[in-house]
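Inspection log for the structure reproduced underneath, given as structure tokens.
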Amino acid sequence: MTKHKNPTPTADSIIEIERTDGRLGIILIKRKFPPYGWAIPGGFVDYGESLEEAAVREAKEETSLDIKLKYQLHTYSDPKRDARKHTITTVFVASASGTPLAQDDAQDIGIYTREEINFPLAFDHEQILEDYFKRKEQEK
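In the numbering used here, the protein residues as written are 866 to 1005.
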């Protein structure tokens, strides 16, 4: 009997939040565990959990914030997007308010504008943010 090997589902959230300077930014976390680097908050979907529930839970675990999902941006499935194993992520755009605190898998946290994100990102998050910012431009 052949055993099927399936990709692992994950959920990520681009969290839009107002900064102390009044500008809108997005939250990035610095990962505590490999693969290291800055990333949008997210993680693995638990069995019995929806993608939306996973996105909200992971955001809370990593940022301490309760988020409100606004819409689904896209699903990313390149088998090479995560060096650990083949994952498929669904990315949501969300909003939040308050002060984010790095928790769980997050070593550090920040709120960045598009112009400030001039450093490498983990996984395929550079492509994800490029798609997000392109959509934001089209919405204007």
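A virtual CB, placed ideally from N, CA and C, is assigned to each residue, including glycine.
Sorting ALA904, THR954 and ARG1000 by C-alpha distance to the C-alpha of THR873 places THR954 at the top. For VAL958, there is no enclosing alpha helix (DSSP H); the residue is found in the beta strand (DSSP E) stretching over 952-960. Cβ atoms of GLN968 and GLU926 come within 8 Å of each other, at about 6 Å. CA-to-CA, the gap between VAL910 and GLU1002 works out to about 30 Å. Residue ALA924 holds the alpha-carbon nearest to the alpha-carbon of ILE932 among ALA924, ARG946 and GLY887. In this structure, the CA atom of GLY890 is about 24 Å from the CA atom of LEU916. Distances from the CA of THR952 to each of GLY963, ASP989, LEU934 and VAL921 were compared; the closest alpha carbon is that of ASP989. Ranked by Cα distance from LEU938, the options ALA971, PHE998 and GLU981 are led by PHE998. Taking every protein chain shown into account, the CB of PHE957 has 16 or more other CB atoms within 10 angstroms, so this residue is buried. Residue pairing by DSSP places PRO874 opposite ILE953 in a beta bridge. Secondary-structure assignment with DSSP links GLY890 through a beta bridge to ILE882.
The Cβ atoms of GLY975 and ILE879 do not sit closer than 9 Å to each other.
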